[in-house]
Amino acid sequence: MTGHTVISVRNLMKKFGSFVANDNLNFEVYQGEIFGFLGANGAGKTTAVRILTGLSEPTSGEVIVAGFNAKKQPEQVKRNIGYMCQKFSLYEDLTMKENITLYGGIYGLKKRLIRERTDLLLDRLNFREYADRLISALPLGLRQKLAFSVALLHDPKIVFLDEPTGGVDPITRRQFWELIYEAAGRGITVFVTTHYMDEAEYCDRISIMSEGKIVAIDTPANLKQQYHARSVEEVFVKIARPGNN
Amino acid sequence: MLKTIEASGIGKSFGATQALKDISFSVNESEIFGFIGPDGAGKTTLFRIIVSLLLQDEGEMSVLGFDGRKEFREIRRNVGYMPGRFSLYHDLTVEENLNFYATVFGTTVRENHHLIADIYSHIEPFKKRLAGRLSGGMKQKLALCCALIHKPRLIILDEPTTGVDAVSRSEFWEMLRKLRPYSITILVSTPYMDEAMKCDRVALIQEGHLLTINQPEKIREEFSRRLFSIKASEKYRLIGALRNHPDTLSAYPFGDSVHVTFRKDAFDNTIYDYLNGKGISDVVIEETKAGIEDRFLELMEK
Amino acid sequence: MKRFFGFVKKEFLHIFRDPRTLVILFGIPAAQILLFGFVVSMDVKDAGVAILDLSRDETTQKISDKICSSGFFKKTQDLLTYDDIERVLRKNRTKAVFVFENDFGNRLISEGKANLIIIADGSEPNTTTLITNYATAIIADFNRELAGTAATQNLLVQSEVRMFYNPSLEGHFMFIPGIITLIMVLICALMTSITITREKEVGTMEVLLVSPLKPVQIILGKVAPYFLLSFIDIVVILILSFLVFDLPVKGSLLLLLAECMLYILMSLSLGILISIVSKTMQQAIFASFIGLMLPTILLSGFIFPIENMPVGYDWFSALLPPRYFIVIIKNIMIKGTGFLYVWKETLILIIFTLVFLGVGIKKFKIRLQ
């Protein structure tokens, strides 16, 4: 599937002292794709995601995200992407509505727009009754769904999700992925890292990192064929060795 | 035969939240028994009651023949416990952690080395490294060694594979199976449904209730309907279309296909036309055997 | 700009929804002003004085009455001989002794002057200076009265001030023992206060509980290394004080070290108790460092004399262990007294230690709830 390239990574290197966390990464992500970023712990996934989201600088190489150079224009990158990290990007002692309003403000949306989007969000997710409850009082699944929607509040072209469904029950997980599908259907590119191998199958394409390098990048179907595997998990076990650091 | 754990009617609340409701089960000697369920299901609370760190509000629990209320010291002496966050001392080395736990339990590393030899071989090259600097998979292995080092009769592992990559996870289960000859009863909790297949018996738990307890194969067989796996080119639209079809009872995405049950436990070929009409092509429908997760979803729906 | 205000609004919400922040912002300053405003005073009131009247005549009686009714002084004892002076100054209630020479009244009339010697306890230089100032002021006032009457116009009571202990009135002598007391209690309590809470926060406490270890073993096991290290610490401090500030140890070094060990043990036990009771390290640090610091500085007699404090406060001060150690350390180092003079304070410290350890062991939760 080739469409407009929204993320372009060329010869990305990231070193911490003598340790090479990202070793000459090269890949592209296309608009409207659901791109799964897999790899063992310590393989370098988190490092790469931090560079892509403008939170960290590459040692060398060129990284273009949403049309901006991640090293030279990190602020523009941040303004044009959404980010949902694993450890709850929502404030526990604020209510649902307050969180949405806060992030709307941070993303620079006008008051009227925030109100409109808040209503849209609450209705679409069926969250009306929870609108004025503190986040700390809500179950995990709800929080995850809200965090995802908040990451999309300012209509970014790309949204980065870092292990968004950790520990969530199977039904809520699937509902979450339906939100992802919906977003991708609207043309938003979804870049997601996950430990659930079956979720890798939901992606249009996946890449697998091992010890700082990308060892595979293709559609799940092609990879399974290539490695004679019945599942992405099998592929993973065959080619990804967990990092020893 | 005396059961390693016997629990009946266990209930536990924290303020207004009921964490466990009427939990009854038993664990046999030398079994690998798994508690499978998502976050918030009550797994950690239950495990803490088993090791006597919490007292139940209702019900009786006997561990290795001892009662958690009065005989907690005996339980704590004979159990190897690995709580959720790999509680190791980050500023001690691998060796130092292991020696500490051996000493605290009145034994030495040498005495029971054979028990952990296999597992330890994975981390031995790093034995002088501070535990805080180990990767998730290594920490998990070290924590397991520390729990086993005093040759307990029962080990209780609370989500030992959470947050760890797939390769380390399968290695971990291999290590557990290799403990069989030592007659250690193993109690594990995990949110990963596929790991259920690696246990002798499994309890599915959700929101403080036990959904079912059985051997994993039997749980699969308990699936009440025929299950069909449907593949097509447009995954997302496929799910929506199937859900809107009048014959469909349930439709859940499962990897590269959708698992569907029908009201009449059968489908007719009109479904192909229906799907094609929605712009979905390359439709392939196969009957398939239900997995643990399918059964879990079915039980959750009830 | 809108981003900025949105962010500020969020911060306000956080603050108002967290009771602790509100307590820090409003509760603590108010409480401290009220508490300490009363305490911080450098005045002398009711300072204990003893009178050695070798003459016992009308004049000495008049002067004595004047001294005792001034409000600054309170008579503790009437002494009989010179030997009594040292004895009474060693006990800490008497801060100064007024010595009227032999035949005071007659000498005043026949020779035109008589000597009154003020012997002060130099181990608290600030208070001593005040005391001697007041005393000399009272005498000067008496002299003015004398000058006012034709009959006694040319008569003068001469007063002379002498320091017992610390003749040069070195400030160090007061401050350094006090500083040692303050530092040791804060550091020791702080160290042990985080150790148990840290295990609770990190999660290793769970594993320790599910083991054959008993609470007593865990607690004493945590105190032991800190005890050893703190003792080395205090020895180093004493050596430094001696070398740099010439601080003497007039009394028994062995007794001093033994008392130091007791004090350290008490402080570590207090820290352990805080650690057991606190849920987070933040709480523990707050309680042991910030919570302990101000009361110790202000109420333990370190800077402001206990005698000056209003009634409620000296009761509160009695609950502070450092107050007793200051007495002990000053007595041994500066006054050179032996155990007999500090046994009461020692016993109190022992009781504190046992209480802290005992309550700590009792409150140590063997379960998570």
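If you read the sequences in order, they're chains A, B and C.
So that you can map any letter, position 203 of the first sequence is 203 in the working numbering, and since no number is skipped, the others follow by simple counting.
Just add 1000 to wherever you are in the second sequence, counting from 1, and you've got the working numbering.
Just add 2000 to wherever you are in the third sequence, counting from 1, and you've got the working numbering.
For every residue, glycine included, the Cβ atom is placed at its ideal position computed from N, Cα and C.
Got a sec? Which residues, its chain only, sit under 6 Å from residue i by beta carbon, not counting five neighbours each side?
| i | result |
| --- | --- |
| Y202/A | W177 |
| G1080/B | A1147, L1148, P1152 and I1155 |
| K2365/C | none |
| N244/A | Below a pLDDT of 50, predicted positions are generally treated as unreliable, and N244/A, at 44, falls in that range; the measurement from the model is reported next regardless. Cβ neighbours of N244/A beyond the five flanking positions: none. |
| Q2158/C | K2113 and N2115 |
| E1006/B | S1026 and S1062 |
So residue i is in the beta strand (DSSP E); what residue range does that whole segment cover?
| i | result |
| --- | --- |
| P1253/B | T1248 to F1254 |
| V190/A | T189 to T193 |
| Q2077/C | F2073 to L2079 |
| Q1206/B | R1201 to Q1206 |
| A40/A | A40/A -> no beta strand (DSSP E), and no H or E assigned at all. |
| N24/A | F19 to Y30 |
| E1222/B | First-last for E1222/B: undefined, no H or E at that position. |
| N1214/B | H1209 to N1214 |
| H1259/B | S1257 to F1262 |
| F2164/C | L2156 to F2164 |
| N11/A | T5 to F16 |
| I1186/B | T1185 to T1190 |
| V2097/C | A2096 to F2100 |
Kindly list the residues whose CB is nearer than 8 Å to the CB of residue i, restricted to its own chain and excluding five residues on each side of it in sequence; keep chain order.
| i | result |
| --- | --- |
| E2223/C | Note that residue 2223/C corresponds to Val in the displayed sequence, not to Glu. Here the set comprises T2192, L2265, L2268, S2269 and I2272. |
| T101/A | I114 and T118 |
| G166/A | Q86 and H195 |
| E92/A | L134, I135 and S136 |
Which residues in chain B have a C-beta closer than 7 Å to the C-beta of residue i? List them in chain order.
| i | result |
| --- | --- |
| G2203/C | P1083, R1085 and S1087 |
| L152/A | By Cβ distance, chain B contributes nothing, its closest Cβ being about 17 Å from L152/A, past 7 Å. |
| R174/A | Y1252 and P1253 |
Assuming residue i and residue j make a contact with CB atoms under 8 Å, what is their CB distance in whole Å?
| i | j | result |
| --- | --- | --- |
| V2088/C | A2050/C | 5 Å |
| T53/A | F148/A | Their Cβ separation, rounded to whole angstroms, is 15 Å, which puts T53/A and F148/A out of contact at 8 Å. |
| R21/A | G44/A | Residue 21/A is actually Ala in this sequence, not Arg. Yes, A21/A and G44/A are in contact; Cβ-Cβ is about 5 Å, under 8 Å. |
| E2124/C | N2115/C | So it is not a contact: roughly 25 Å between Cβ atoms. |
| R1201/B | I1292/B | That pair is no contact at about 12 Å. |
| F2073/C | G2122/C | No, F2073/C and G2122/C are not in contact; Cβ-Cβ is about 17 Å, not under 8 Å. |
Using a Cβ cut-off of 8 Å, pull out every chain B residue sitting near residue i, in sequence order please.
| i | result |
| --- | --- |
| L2209/C | L1053 and R1076 |
| P2212/C | R1073, R1076, R1077, V1104, F1105 and G1106 |
| V49/A | None at all; the shortest Cβ gap to chain B is about 16 Å. |
| G187/A | None at all; the shortest Cβ gap to chain B is about 13 Å. |
Apart from the five residues on each side of it in sequence, which residues of its chain come closer than 7 Å, Cβ to Cβ, to residue i?
| i | result |
| --- | --- |
| K1278/B | R1237 and A1241 |
| T219/A | D204 and R205 |
| A66/A | V6, V77, N80, I81, K157 and I158 |
Check the Cβ of residue i against every Cβ in chain C and list those closer than 7 Å, keeping chain order.
| i | result |
| --- | --- |
| R1048/B | L2368 |
| L102/A | G2006 and K2010 |
Considering only their Cβ atoms, is the gap separating residue j from residue i smaller than 8 Å?
| i | j | result |
| --- | --- | --- |
| E1286/B | S1229/B | yes |
| K1139/B | F1086/B | yes |
| F2104/C | D2065/C | no |
| S210/A | A240/A | yes |
| L1210/B | F1025/B | yes |
| L2208/C | E2201/C | no |
| V1167/B | G1136/B | no |
| A131/A | K110/A | no |
| V1094/B | K1127/B | yes |
| G1084/B | E1171/B | no |
Starting from residue i, find everything on chain A with Cβ-Cβ shorter than 7 Å and list it in chain order.
| i | result |
| --- | --- |
| P1191/B | G167 |
| G1040/B | P139 and L140 |
So residue i is in the alpha helix (DSSP H); what residue range does that whole segment cover?
| i | result |
| --- | --- |
| T1288/B | No alpha helix (DSSP H) holds T1288/B; the beta strand (DSSP E) holding it covers V1284 to T1288. |
| V2008/C | K2002 to R2017 |
| L2116/C | Looking at the DSSP string, L2116/C is not in any alpha helix (DSSP H); the run it does join, the beta strand (DSSP E), is K2113 to D2121. |
| M2266/C | L2253 to V2277 |
Chain A partners of residue i, CB-CB under 8 Å?
| i | result |
| --- | --- |
| M1197/B | Per Cβ cutoff of 8 Å: no residues; M1197/B is ~13 Å from chain A at best. |
Along chain C, in chain order, which residues have C-beta atoms closer than 8 Å to that of residue i?
| i | result |
| --- | --- |
| I106/A | R2003, G2006 and F2007 |
For residue i, go through chain A and note every residue whose CB falls closer than 9 Å to its CB, in chain order.
| i | result |
| --- | --- |
| G1015/B | Per Cβ cutoff of 9 Å: no residues; G1015/B is ~12 Å from chain A at best. |
| E1293/B | P170 and D198 |
| L1297/B | P170, I171 and R174 |
Residue i versus chain C: which residues are under 9 Å apart at the beta carbon?
| i | result |
| --- | --- |
| D93/A | L2013, H2014, R2017 and D2018 |
Could you tell me which chain B residues have their CB closer than 9 Å to the CB of residue i, listed as they occur along the chain?
| i | result |
| --- | --- |
| A221/A | D1256 |
*Residues of the segment 1102-1116 of chain B with a CB closer than 7 Å to any CB of chain E: list them in chain order, please.*
The structure shown has no chain E; the protein chains it does contain are A, B and C.
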